[in-house]
Each structure stands twice: as structure tokens, then as C-alpha cells.
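Going by our numbering, the sequence shown opens with residue 147, and the numbers climb by one from there.
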Amino acid sequence: MSTLDELMQTLRLVEEHLADAGAHLGTSRTALAEAEQALAKLDPEHPETVVPPSLHRADDQIERSLGMIEHVLNTVRDFATRL
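In C-alpha cells:
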């Protein structure tokens with residue numbers, strides 16, 4: 147196997163890991179939304195008293211991480227294409 151073949155194989159593996167990470171983050175984001183809905187039902191008139199503000203920050207972090215993963219994935223794919 148040539149060095150180029152090994153590099154391409156490694157890049158495919160990196161793509162798989164990035165896609166897996168994105169899927170896990172998507173699942174986490176769904177779970178956070180479900181938790182927020184469940185907490186808001188505890189006091190529907192005043193959900194801000196039972197939904198911690200950090201829940202929204204966590205969602206923002208997940209969104210930013212998903213964006214970074216997508217950017218890196220596109221970069222890896224572009225690099226592989228140029229090889």
C-alpha cells in the first residue's frame with residue numbers, strides 16, 4: 147500500500163469520526179431540548195424558574211461545535227479531493 151493510499155484511508159477514518167461526533171452532538175441537542183420541555187412543564191406559568199440558564203448555553207455550545215465539525219469535515223474532504 148502506498149503512502150498516498152494510507153493517507154486517503156486515514157482521511158476517510160477521520161471523516162467517519164467527525165460524522166460520528168456530529169451525530170452524537172445532534173443526539174445530545176435533542177436530549178437537551180427534551181429536558182428543557184420536561185422542566186418547563188413543572189411550572190408552565192414561570193418556566194424560567196425551573197429551566198437553568200446553562201441549558202441554553204449548552205445548546206449554543208453544541209451548535210458552535212456542530213459548525214466547527216462541519217467546517218473541519220469540509221476541509222478534510224477538500225484536502226482529500228485535491229490529493
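Idealized CB from N, CA, C, for every residue including glycine.
Among the options, the one whose alpha carbon lies nearest that of residue i
| i | options | result |
| --- | --- | --- |
| Leu212 | Gln155, Leu150, His170 | His170 |
| His217 | Gly168, Ala177, Leu159 | Gly168 |
| Leu201 | Asp189, Leu178, Leu188 | Leu178 |
| Phe225 | Met147, Ser148, Gln155 | Gln155 |
| Thr176 | Arg223, Met214, Ala204 | Ala204 |
Rounded separation between residue i and residue j - CA only
| i | j | result |
| --- | --- | --- |
| Leu219 | Glu209 | 15 Å |
| Thr227 | Glu162 | 16 Å |
| Pro147 | Leu157 | Per the sequence shown, the amino acid found at residue 147 is Met instead of Pro. Between Met147 and Leu157, the C-alpha separation is close to 15 Å. |
| Pro199 | Asp151 | 48 Å |
| Gln183 | Pro193 | 9 Å |
Anticipated Cβ contact below 8 Å, residue i with residue j, distance rounded
| i | j | result |
| --- | --- | --- |
| Gly189 | Val196 | First, the amino acid is wrong: residue 189 is Asp here, not Gly. About 5 Å separates the two Cβ atoms, so the contact holds. |
| Leu159 | Leu229 | Rounded, the Cβ-Cβ distance is 15 Å, inconsistent with contact. |
Close beta carbons around residue i, own chain, < 8 Å, minus the five adjacent residues each side
| i | result |
| --- | --- |
| Gly172 | Leu212 |
| Ala280 | Residue 280 lies beyond the stretch modelled for the chain, which goes from 147 to 229, so this question has no answer here. |
Own chain residues within Cβ distance below 6 Å of residue i, not counting five before or after
| i | result |
| --- | --- |
| Leu185 | Val196, Val197 |
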